[in-house]
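Chemist:
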DNA sequence: GTCTATAAAGCGATAGAC
DNA sequence: GTCTATCGCTTTATAGAC
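Here it is, written out as structure tokens:
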């Protein structure tokens, strides 16, 4: 019950973990209050829009992290091998090697998808664009580049699902390790 | 509000769609009542254990469908190419070519995972066992067979997530089409 | 900025008439 | 077997003291 945070900068990551663990529907204000050490009064002071605003800002921060740490580096690179390796390393770090789940994926599967459709769509679309264009710049034809990019994104999401379902994070690491050769293959 | 069903045989598929669309937490008895045309009294007559029993029986029926239509055929085949093709066709049909989501995956990602951990684990484990052993029987070494099987399962789950996130079911069909060559490749 | 108290609605579940 | 009414609790959200 002790006060854990001073401002929303420290608040959003705590909210993110609650949404990740319980989904949008399952993340109650009581759980959020426990995780932050804040009462409802304080929470509504920071987020007058309530739970929906909390989730929207959490998604915004996640989007921003990926933009800076993953999408932008992919866009500014012309050498696919190190760029893909850096992406994989960043993804592995972000998802704690399979111990952490993807909130965007969780929301995409749930009933709150419609509420956050724009953010969910944008997250995957910009990732897909950045990755497929990098591959295209390296000489892969556009259609193959698109296909390989979608394969990478869906592999990451599916590995998180399967790792959690079987309670075996190693599945995630193995899936990530498989990606670079598939993305960088000569034929295709 | 009209009565839609006569017994639980017709009831479970309706419940399944509600759980698929809203997740365990989001599937309220009101929604279930609307979908089935039944009042709470009738629902508790069929399922004295309430919502948890409803979800458990839905998972049981899903498990049974996959056991009969996918796992058993994989186990009883010694020719991997047609067996894999049949599995892909069955999966495509079951998930309505990407328009339908996987309830087991939805639950695996949510907070109700712990409640249904045994069913969730068993579903993926028996699929993985049946598929990897088929590949092993065809001459692929055990380790590679395991890896390819996990790749297939995670690709299906990830494709469902990405197809829903981008609102593009074609992603699912393309991902399925990619699987047979990857499962049946000679090298490895 | 944080709290408690509370409103209004919805939740899962139960009781009992028919 | 189905219904309505209702219980007890939790939910999101608000009001107002400090």
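Residue numbers (my numbering), protein chains in the order written: chain W, 1231 to 1418; chain A, 1231 to 1418. A virtual CB, placed ideally from N, CA and C, is assigned to each residue, including glycine.
Any beta carbon from chain A within less than 8 angstroms of residue 1374(W)'s own beta carbon?
Modeler: No, residue 1374(W) lies away from the interface with chain A (no Cβ there is under 8 angstroms from its Cβ).
Chemist: Using a Cβ cut-off of 9 angstroms, which residues of the segment 1316 to 1333 of chain A contact any Cβ in chain W, in chain order?
Modeler: Cβ contacts with chain W: 1331, 1332.
Chemist: Would you say residue 1313(A) faces chain W, with C-beta separation under 8 angstroms as the test?
Modeler: For residue 1313(A), the answer is no, since every Cβ of chain W falls outside 8 angstroms of its Cβ.
Chemist: With a cut-off of 8 angstroms on the beta carbons, I'd call residue 1360(A) and residue 1366(A) a contact; round off their distance for me.
Modeler: So it is not a contact: roughly 11 angstroms between Cβ atoms.
Chemist: For the segment 1238 to 1255 of chain A, which residues have a beta carbon sitting closer than 7 angstroms to at least one beta carbon of chain W?
Modeler: Taking 7 angstroms as the Cβ-Cβ cut-off against chain W, the residues of the segment 1238 to 1255 of chain A that qualify are 1251, 1252, 1253, 1255.
Chemist: Contact defined as beta carbons within less than 8 angstroms: I believe residue 1350(A) pairs with residue 1253(A). What is the distance between those atoms, to the nearest angstrom?
Modeler: With a Cβ gap of about 13 angstroms, residue 1350(A) and residue 1253(A) do not count as contacting.
Chemist: Assuming residue 1322(A) is part of the alpha helix (DSSP H), what are its boundary residues?
Modeler: Segment 1310 to 1324, the alpha helix (DSSP H) holding residue 1322(A).
Chemist: Express the C-alpha separation of residue 1275(A) and residue 1419(W) in angstroms, rounding to a whole number.
Modeler: Past the boundaries of the shown model lies residue 1419(W); chain W is included only from 1231 to 1418, so the question cannot be answered.
Chemist: Shorter than 8 angstroms from the beta carbon of residue 1387(W) to some beta carbon of chain A?
Modeler: Chain A contact via Cβ: present.
Chemist: Using a cut-off of 9 angstroms between C-beta atoms, extract the partners of residue 1338(A) located in chain W.
Modeler: Going along chain W in sequence order, the residues near residue 1338(A) (Cβ under 9 angstroms) are 1391, 1392, 1394, 1395, 1396.
Chemist: From residue 1392(W) to residue 1310(A), what does the alpha carbon distance come to, in whole angstroms?
Modeler: C-alpha separation (whole angstroms): 23 angstroms.
Chemist: Could you tell me whether the Cβ atoms of residue 1327(A) and residue 1411(A) are closer together than 8 angstroms?
Modeler: Cβ distance not < 8 angstroms, so residue 1327(A) and residue 1411(A) don't count as in contact.
Chemist: Just mark residue 1279(A) as buried or exposed, buried being the case when its beta carbon has 16 or more other beta carbons within 10 Å.
Modeler: That one is exposed.
Chemist: When burial is assigned at 16 or more other CB atoms within 10 Å of the CB, is residue 1240(A) buried or exposed?
Modeler: With fewer than 16 other Cβ atoms within 10 Å, it is exposed.
Chemist: Alpha carbon to alpha carbon, how far is residue 1316(A) from residue 1306(A)? Give it in angstroms, no decimals.
Modeler: Cα to Cα, residue 1306(A) sits roughly 13 angstroms from residue 1316(A).
Chemist: Less than 8 angstroms separating the beta-carbons of residue 1346(A) and residue 1257(A)?
Modeler: No, these two residues do not count as a Cβ contact at 8 angstroms.
Chemist: Hey, out of 1289(A), 1334(A), 1403(A), whose CA is closest to residue 1242(A)'s CA?
Modeler: Nearest C-alpha to residue 1242(A): 1289(A).
Chemist: In chain order, what residues of the same chain lie with their CB nearer than 8 angstroms to the CB of residue 1333(A), ignoring the 5 residues before and after it?
Modeler: Only 1246, 1249, 1250, 1288, 1289, 1292 meet the Cβ criterion.
Chemist: Does DSSP put residue 1371(A) in a helix, in a strand, or in coil?
Modeler: It is coil, neither helix nor strand.
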